[in-house]
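The sequence shown begins at 2 in this note's numbering and counts up by one.
Some notes on the structure that comes next.
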Amino acid sequence: MIRKVVLKNWKIHLNSTFVFERGVNLLVGHMGSGKSSVLDAICFGLYGTFPALQSRKWKIDDLIMRKPFVKDEAEVYVEFEANGKIFSARRVLKKGRGSYAEFRENGKLLELQSSQRVTELVENELKTSYELFSKVIYSEQNGLDYFLRLQSGERKKKIDELLMIDKFEKARSATTTLIHRLEQIVRDKEKYLASIDFDKMKRELQEIKLEVERLENEIKDKKLKLSEIASQRVLLEENYRKIKEVKESIDEKHKDLKAILTILDNAIRDVSRLEEEVKGFNRAEIESKIRDNEKTRKELEPYLKEKKERLDKLQKELTKIESEIQFYTREISRIKEKLSEIEKIEASLNELEKSFNENLLAEKEKRLQEIVARLEILRNEIKKNEEAILHLSYAESKCPVCDTKLTDDKKRKIVEKKQKEIEESKKEESNLIKEKYDILRQIEEIKNKLKEIERMRVLVKDKEKLMKELELDESTLKINEDNKVGVVKEMEEIKNIIREKEEFLRKVLEERGILETIRQRILDLENLKSKILEYDKIKEELEREIADLSKVVEGKNIEEFEKMLREISMKEREIAVEIRGLEEILRRELKRKEELEKSIEFGEKEKAEVERLNKILVDLKVFKQALEITQVKIREDFVETVNHYMANIWPNLYPYGDYVSIAIKIEEGDYVLQLQERSGRWINVEGIASGGERSLACLALRIAFSLALAPQLRILILDEPTHNLDQKAVEELAKVLRENVSEFMDQVFIITHDERLQEAVTGKAYKLERDKNVDSYTQVVEIS
């Protein structure tokens, strides 16, 4: 049973909690109070969807509260009891981001995130699929007569799907297709077998086997002969190779001997030349002179290095002195130019101080203030006169100011007077403005001149300081120029010494080169005489080896060996060609033999396959017949079970005596719901029964379907079951639900606006209230 349901931000439920018990549970409320939303939430909490969502009448985001508050997230929690355990499914919706879910068993988390996995766990525990729950157990609003409203063929299809008979029909259809396909395969194979002469193929195969045996024996004999000839060729090649190698070795040693003789001749000539070149020189004397030369070089090089370092130091000092001379020369020139400028400034400074001073500036600024004040007065007078003229133009017979009598002539004279005053004021204003701009220009000029005078005064103050700087710079310049003369003189002296010593060193090094060359010639002569002795030994060794090798090949003709080798190689190739020809014929025969064996083997397999397929066809036809019988048997058992439950339910459900029983029957390949009159005649509910009779018949069918298809769940959910029922039928329905339904159902949920069904409650009852005028959320009140 369902124990608890919690809704947060679900449609119009802000935070609603329902605790349910076994028996009949009731949700009552006016239209739009959120009753059906609770049933949708139960279905969604268990299976992740509900009929209106699955048919796309609702979108996921539509399930999240929009009024009276806009929410971004909704939550459904359903707790149920099954098999002695407490389970809970919790699903959370997030706007624009789908949903996630969790499933718990006795408080222990079994699954998190995967909505599909949670649905599978619920179906496994309840032993009820979503399709069965939504079509049989959960009756949508105005969906009680769902099975009656279906078209004839569609009703059979839906009920077959609930019974899972459609799977048997799919299997039967697939079996029929397979039978037809296998029968065609058998016909094709039998046609193929009839078109082949397998006896002829077997005779041909036997002939080919004999030919293959003959060819293999002939090839074996040829290969044996080829092996003998190859052995003879290898032996001949080995003897030929050895003689050829000895001949080649003799030729190589003759070449080496010739090369040694050439080297000896050249060496003897070189000895004569070198003896002539070093004639009169003694090696010990030459080496003594080289040592003396080296001593002189070692004494000169440090001395030259010291002088060059001193020259570099003097060069750096000279560069520094010349840099300072240039600097002080520029400074003296700059100071002299500055002093010349100051002298000119002193001449013009007195004249400027007489023409421009602070008193003159104060006078001009005072005059500017007077002009500005006068301009303000003039503008006020002009404005006042213009206003007076304006008032006079609107005045009638009295003066607007003094209230005296005002004639037209007097008015004209006053206006003329005022206009004349305005003209005079504007003329004066124009002159003053011109004077104002002249004074502003003069003030600016005076200020600029005063700034220039101040700058000139600063320059004049620096004259004495510049004179001292000039005297110091000239003294420093004189010292640097004297130092430069001394440095240049010393540098010239050192350069002369360096040139003399470098020339002497060059001569020493030249002498060293000559001595080294003579010493090398003496060494080369000694080395060459030693090598001549070695070359003589090599010459004698080569002559001995040539004599020994010549004895080995004496009396052996290499041309005769080559002729014999060509003849035996030709005979070997001829036999090899014959073998390849025979092997090619053998390959063709073997290929034909393989083809015949495969064809015969394939034929035997095809015969066996035809026998196997014929046996399978017999089994498939039996299986097809069994599927047809099974469908009929399931339908008959289902109809019998449903009719048994409805026969027990109907007397307690229907309050009148005109229809004594109810049953579902199979007519013309479809399920038909019928009522039995007192006379025993059966009539169809569809199209004959009244609205109330139709509703009660559908209710009985719903209960029977639930008991037949989901006996382990024993839950029924009814949305507005009193539709089309009169007063007495409603009272009887409440009585049946209260007193008799527990015989068939563990738990019933009723959603209604009819408060009379409160009499049916044996579990929990809740009233759902909502003020639609202000779009408020649903308030849940438990009815005690």
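All residues carry an ideal CB built from backbone N, CA and C; glycine is no exception.
For Trp11, the residue or residues it bridges with in DSSP: As a working mapping, residue 11 is identified with position 10 in the sequence shown. BP columns for Trp11 point to His14 and Ile65.
When you compare only the Cα positions, how much space is there between Glu607 and Phe199? Translated into the one-based positions of the sequence shown, residue 607 becomes position 606. Translated into the one-based positions of the sequence shown, residue 199 becomes position 198. For Glu607 and Phe199, the distance between alpha carbons rounds to 12 Å.
Between the C-alpha atoms of Ala705 and Val20, what's the straight-line distance to the nearest angstrom? Position 704 of the sequence shown, counted from the first residue, corresponds to residue 705. Position 19 of the sequence shown, counted from the first residue, corresponds to residue 20. The alpha-carbon separation between Ala705 and Val20 amounts to approximately 26 Å.
Just reading off the beta strand (DSSP E) that Gln675 is part of, what are its end residues? For this step, residue 675 is matched to residue 674 along the sequence shown. Asp671 to Glu678 is the extent of the beta strand (DSSP E) around Gln675.
Among Met32, Tyr48 and Arg98, which has the Cα closest to the Cα of Asp63? Looking up residue 63 in the sequence shown gives position 62. Closest option to Asp63, Cα to Cα, is Arg98.
Can you check which of these residues, Ser743, Ile752, Ser551 and Thr330, is closest to Lys248 by C-alpha distance? Position 247 of the sequence shown, counting from 1, holds the residue named residue 248. The shortest C-alpha separation from Lys248 is found at Ser551.
Unbroken alpha helix (DSSP H) run spanning Asn386, endpoints: Along the sequence shown, one-based indexing puts residue 386 at 385. That run of the alpha helix (DSSP H) goes Glu359 to Tyr395.
What does the Cβ neighbour count give for Ile322, buried or exposed, with the cut at 16 atoms within 10 Å? In the sequence shown, counting from the first residue as 1, residue 322 sits at position 321. Buried is the call here.
Exposed or buried, Lys136, counting other C-beta atoms within 10 Å across all chains shown (16 or more means buried)? What you label residue 136 is simply residue 135 of the sequence shown in a count that begins at 1. Classification for Lys136: buried.
Rounded Cβ spacing between Thr763 and Gly24 (contact assumed at less than 8 Å): Here the question's residue 763 lines up with position 762 in the sequence shown. Here the question's residue 24 lines up with position 23 in the sequence shown. Contact between Thr763 and Gly24 holds: CB atoms are separated by about 3 Å, below the 8 Å threshold.
Give the secondary structure of Arg442 by DSSP, where H, G and I count as helix, E and B as strand, and everything else as coil. Numbered from its first residue, the sequence shown carries residue 442 at position 441. Arg442 falls in the helix class under three-state DSSP.
Reduced DSSP secondary structure (H/G/I, E/B, other) of Arg4: Locating residue 4 in the sequence shown gives position 3, where the first residue counts as 1. In this structure, DSSP gives Arg4 an extended state, which the three-state scheme calls strand.
Using the C-alpha atoms, what's the distance from Leu710 back to Asp638? Looking up residue 638 in the sequence shown gives position 637. Looking up residue 710 in the sequence shown gives position 709. Rounded to the nearest angstrom, the two C-alpha atoms are 12 Å apart.
Please identify the residue among Lys109, Ile423, Glu170 and Leu340 whose C-alpha is closest to the C-alpha of Glu465. Sequence index remark: in the sequence shown, residue 465 carries index 464 (1-based). Selected option, being the one with the closest Cα: Leu340.
Among residues of its own chain, excluding the 5 on either side of Arg520, which ones have a beta-carbon nearer than 6 Å to its beta-carbon? Taking the first residue of the sequence shown as position 1, residue 520 is located at position 519. By the criterion of a C-beta distance shorter than 6 Å, Arg520 is surrounded in its chain by Ile287, once the five residues flanking it on both sides are discounted.
Quick check: what's the CA-CA separation for Asn741 versus Val749? To locate residue 741, count along the sequence shown from 1; it is residue 740. To locate residue 749, count along the sequence shown from 1; it is residue 748. Looking at the backbone, the Cα of Asn741 and that of Val749 are separated by about 12 Å.
Could you check what DSSP says for Ser37 in three-state terms: helix, strand or coil? By one-based count along the sequence shown, residue 37 stands at place 36. If DSSP states are grouped into helix, strand and coil, Ser37 belongs with the helices.
Would you say Leu1 and Ile444 are within 8 Å of each other, going by their C-beta atoms? Examination of residue 1 is not possible in this model, given that the chain is present from 2 through 785 alone.
If I follow the unbroken beta strand (DSSP E) through Asn26, where does it start and stop? Along the sequence shown, read from residue 1 onward, the residue named residue 26 stands at position 25. Note, Asn26: beta strand (DSSP E), Gly24 to Val29.
Could you check how far apart the C-beta atoms of Leu216 and Leu587 are, in whole angstroms? I think they sit under 8 Å. What you label residue 216 is simply residue 215 of the sequence shown in a count that begins at 1. What you label residue 587 is simply residue 586 of the sequence shown in a count that begins at 1. Contact holds; Cβ gap of about 4 Å.
By a C-beta neighbour count over all protein chains shown, 10 Å radius and 16 as the cutoff for buried, is Thr129 buried or exposed? Stepping through the sequence shown from its first residue, residue 129 is reached at position 128. Thr129 comes out buried.
Can you check whether the CB of Ala90 is closer than 8 Å to the CB of Val119? Counted from its first residue, the sequence shown places residue 119 at position 118. Counted from its first residue, the sequence shown places residue 90 at position 89. The Cβ atoms of Val119 and Ala90 lie closer than 8 Å to each other.
On the DSSP bridge assignment, give the partners of Phe81 in chain order. In the sequence shown, counting from the first residue as 1, residue 81 sits at position 80. DSSP links Phe81 through a beta bridge to Ile3 and Phe88.
So what does DSSP say about Leu726, is it helix, strand or coil? Taking the first residue of the sequence shown as position 1, residue 726 is located at position 725. Correct three-state label for Leu726: coil.
Boundaries of the alpha helix (DSSP H) in which Tyr241 is found, first to last residue: Position 240 of the sequence shown, counting from 1, holds the residue named residue 241. Phe199 to Glu278 is the span of the alpha helix (DSSP H), which, as asked, contains Tyr241.
Judging by CA-CA distance, which residue of Glu760, Val775 and Thr779 is the nearest neighbour of Leu769? The residue labelled residue 769 in the question sits at position 768 within the sequence shown. The shortest Cα separation from Leu769 among Glu760, Val775 and Thr779 belongs to Thr779.
By the three-class DSSP mapping on this structure, what secondary structure does Val749 have? For this step, residue 749 is matched to residue 748 along the sequence shown. Residue state for Val749 is assigned as strand, using DSSP reduced to three classes.
Give the list of continuous alpha helix (DSSP H) stretches no shorter than 4 residues that lie fully inside the stretch 538-615. With a minimum length of 4 residues, no continuous alpha helix (DSSP H) run stays inside the stretch 538-615.
Buried versus exposed call for Ile480 [16 or more other C-beta atoms within 10 Å across all chains shown]: By 1-based counting over the sequence shown, the position of residue 480 is 479. By the 16-neighbour rule on beta-carbons within 10 angstroms, Ile480 is exposed.
Buried or exposed, going by whether 16 or more other CB atoms sit within 10 Å of the CB of Gly35? Indexing the sequence shown from 1 puts residue 35 at position 34. The residue in question, Gly35, is buried, as its Cβ has 16 or more Cβ neighbours within 10 Å.
For Leu113 and Leu122, what's the separation of their Cα atoms in angstroms? The residue you call residue 113 lines up with position 112 of the sequence shown. The residue you call residue 122 lines up with position 121 of the sequence shown. Going by the C-alpha atoms only, they are around 12 Å apart.
Let me make sure I understand the geometry here. Which of Leu164, Leu305, Glu246 and Ser662 has the alpha-carbon closest to that of Ile635? Walking along the sequence shown from the start, residue 635 turns up at place 634. Taking the Cα of Ile635 as reference, the smallest distance to any Cα among Leu164, Leu305, Glu246 and Ser662 is reached at Leu164.
If we ignore side chains and look at the alpha-carbon of each, how far apart do Glu472 and Glu366 end up? As a working mapping, residue 472 is identified with position 471 in the sequence shown. As a working mapping, residue 366 is identified with position 365 in the sequence shown. Whole-angstrom Cα-Cα distance: 48 Å.
Just the Cα atoms here: how many angstroms apart are Glu76 and His14? Stepping through the sequence shown from its first residue, residue 76 is reached at position 75. Stepping through the sequence shown from its first residue, residue 14 is reached at position 13. The C-alpha of Glu76 lies about 10 Å from the C-alpha of His14.
With a Cβ-Cβ cutoff of 8 Å, do Ile601 and Leu227 count as a contact? As a position in the sequence shown, residue 601 is number 600, starting the count at 1. As a position in the sequence shown, residue 227 is number 226, starting the count at 1. It is not a contact, given that the beta carbons lie outside the stated cut-off.
Does Glu721 pass the burial test, meaning 16 or more other C-beta atoms within 10 Å, or should it be called exposed? Position 720 of the sequence shown, counted from the first residue, corresponds to residue 721. With a 10 Å radius around the Cβ and a threshold of 16 neighbouring Cβ atoms, Glu721 comes out buried.
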